[in-house]
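Numbering (this note's numbering), first residue to last: 363 to 664. Here a beta-carbon is modelled for each residue, glycine too, at the ideal position from N, C-alpha and C.
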Ligand SMILES: [Zn+2]
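The following block contains the structure:
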């Protein structure tokens, strides 16, 4: 039996947006995210994700629920498998928690070990994925039912498949391909979100080769405030794992904000405001870069 408190903890450490965004191209509309429903064929988006309530709802086919329901439906998993999978992603599987799953070792194995595969896509793009059923998963990509990235860039062929591989290996492969072919052309592992293409943000920050501060959203609801005389290069570094300790620990997902300013004060203010709004333990920037600081800095900003 999986204790209720553990299920609650898994839910608290999971953001439904980051889970759904792997499968659905979501656009922010008012308070909600909207996209084409992955569970029925449609041309206009009737699939909604509400981050505040952590729920999804399709007004076309009526499917809806929380993040666990989404994983059960999308990945065709049983309830315990879905919890296990989300707990794994949230880093909550350890010696204490793995007995909740009776260590039906086939379940543990099926989630922690699988096939890592590399797809070549049109336009010299690549996708790296992890699956327990490579045939079915690759077919989904070819049928336009895989990930957002393979819907945007049509698959050409399966390049490689590594059996009995781990999720960490998927990340390593993704990073290797990013180094080889440029981070803009590769998605996979923890770098699966198309939004991580920061050049598509409304601010069009690629035109801003000058001093400024920026706020990055990282995996696991963490954030980073950076400052640079060349914002574009600096952000690219953070995304490519060559940035600071914090962004190596928590991988960047997207750019939330850019402030043009020659004043380093702007970075301090952005850091303090972000710490106040998002929790000091979730934010690093300015002088507070140590991932393991145990005392919050002074948060008074006036
Ligand atoms: Zn639907």
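- Scanning the region 570-652 from its first residue to its last, the whole beta strand (DSSP E) runs of 3-plus residues come out as 574-580, 584-590, 614-622 and 645-647.
- Take residue 476, set aside five residues on each side of it, and the residues of its chain with a beta-carbon closer than 6 Å to its own are 492, 493 and 494, in chain order.
- Following the DSSP letters along the chain, one finds residue 384 in no beta strand (DSSP E), marked with neither H nor E.
- Every alpha helix (DSSP H) stretch that sits fully inside the region 380-442 and reaches 4 residues is listed by chain position as 429-436.
- A direct Cα-Cα distance of roughly 10 Å separates residue 618 from residue 580.
- Taking non-hydrogen atoms of ligand 1 into account, the C-beta of residue 404 is found less than 8 Å away from one of them.
- Counting only residues of its own chain and dropping the five nearest sequence neighbours on each side, residue 548 has a CB closer than 6 Å to the CB of 488, 539 and 540.
- For residue 428 against residue 373, the beta-carbon gap comes to about 7 Å, under 8 Å, which counts as contact.
- Classified as exposed, residue 591 has fewer than 16 neighbouring CB atoms from the shown chains inside 10 Å of its CB.
- Looking at the DSSP output, residue 523 sits in a beta bridge with 479.
- The closest heavy atom of ligand 1 lies 8 Å or more from the beta carbon of residue 397.
- With 16 or more other Cβ atoms inside 10 Å of its own Cβ, residue 532 counts as buried.
- With contacts defined as CB atoms closer than 9 Å, residue 550 and residue 597 fail to qualify as a contacting pair.
- Judged by DSSP secondary structure, residue 369 falls outside any beta strand (DSSP E) and instead within the alpha helix (DSSP H) spanning 366-374.
- If you check the C-beta of residue 420 against ligand 1, you find a heavy atom less than 8 Å away.
- For residue 516, the three-state secondary structure derived from DSSP is coil.
- Checking the 8 Å criterion, the Cβ of residue 460 is out of range of every heavy atom belonging to ligand 1.
- Less than 9 Å separates the beta-carbon of residue 614 from that of residue 586.
- Residue 654 carries a coil assignment under DSSP once its states are collapsed to helix, strand and coil.
- Under the three-state reduction of DSSP, residue 490 is assigned to strand.
- Closest option to residue 583, judged by alpha-carbon separation, among 441, 406 and 608: 608.
- Under the 10 Å beta carbon count, residue 438 is surrounded by fewer than 16 other beta carbons and is classified as exposed.
- For residue 550, the enclosing beta strand (DSSP E) stretches over residues 548-550.
- About 18 Å separates the CB atoms of residue 400 and residue 443; that is not less than 8 Å, and the two are not in contact.
- Taking C-alpha positions only, residue 384 is separated from residue 446 by approximately 18 Å.
- When distances are taken from the beta-carbon of residue 423 to the heavy atoms of ligand 1, the shortest one is below 8 Å.
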